[in-house]
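For the sequence shown, the UniProt record's numbering gives the first residue as 1, with consecutive numbering after it. All C-beta atoms, glycine included, are put in the ideal place defined by N, C-alpha and C. Reviewing the structure listed below.
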Amino acid sequence: MGNNQASPIWERQQADAMQRMRDGGGLPGLARMEQLAGKSGREILEAMMSGELPYPPMNETMNMTLLKVGDGYAVFQGIPLLQHYNPLGSVHGGWFAALLDSALGCAVQTTLPVGRSYTTAELSIKIVRPASHKTGPLRATGRLIHGGGRLATAEARIEDEQGKLYAHATTTCFVFDVSTTG
C-alpha cells in the first residue's frame, strides 16, 4: 500500500464508532449537568461513545471520533478533508491541534473521579509531517504522564495505520471541582 493509500479498515472503524453513537441515540450537542451527575470522567466518555450522552459538535466539523478509552489513555481518529486545508494546500495545524488536544484531554479525563473536571492550561505541538485529504485516517493516542490534585500532564502522538508519525504533543491541564450551582 502506497503512502497516499489508506486501508479501509481504519475508515470502517471510525464509521462504525460513529454509527454506534447514533444507534445509541447520540447526537452532537452538550450534556446537561444532571446527565453528568454521578459519573466519573471515564464513565462520561464511555456514555458519549455509546450514544447515551451527546458528543461534541466539533467532532463533525473536524471529522474525528473518540474510538477508545482506558485508564489514563484515549484514542481519537480523524480523517483530514479538503475543508481542513490552509491556504498553502495542506492540512491546517489547527486540525492537528484539535485531534491532539482531544486525545490529551480525554486521557486526563479518564482518571478523574465523580465531581472533577479539567481544562487545558498549556498545549505544545510538533508537526513533523504534512497531511492531505489523500493521507487517510490518522490516530491520536493520548497517555497520562502525571495526574495530580490540581495539575495533570499527558502526551500524545498522531500516527497513520503504518505507524508513521505525523505530530506529537504534550499538555498541562488544570484539574478542578465541578460547580453544580452554575
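Given a cut-off of 7 Å on the beta-carbon distance, is the pair Pro113 and Ser179 in contact? no
Check this for me: beta carbons of Thr172 and Leu151, under 7 Å apart or not? yes
Would you call the segment 96 to 114 in contact with the segment 158 to 177, where contact means no fewer than 3 C-beta pairs closer than 8 Å? yes
For Arg76, I'd like the list of residues in its chain whose CB is within less than 6 Å of its CB, leaving aside the five on either flank, ordered along the chain. According to the sequence displayed, residue 76 carries Phe and not Arg. Cβ neighbours of Phe76 beyond the five flanking positions: Met64, Leu66, Leu99, Ser102, Ala103, Ala140.
Less than 7 Å between the C-beta atoms of Gly142 and Ala131, yes or no? no
When the Cα of Leu81 is compared with those of Met62, Tyr73, Leu30, which residue comes out closest? Met62
Rounding to the nearest angstrom, what Cα-Cα distance links Asn3 and Gln35 in this structure? Model confidence at Asn3 stands at a pLDDT of 48, short of 50, so the residue's coordinates are unreliable; what they give is reported in the following sentence. Taking the straight line joining both Cα atoms gives about 43 Å.
With DSSP as the reference, label Ala154 as helix, strand or coil. strand
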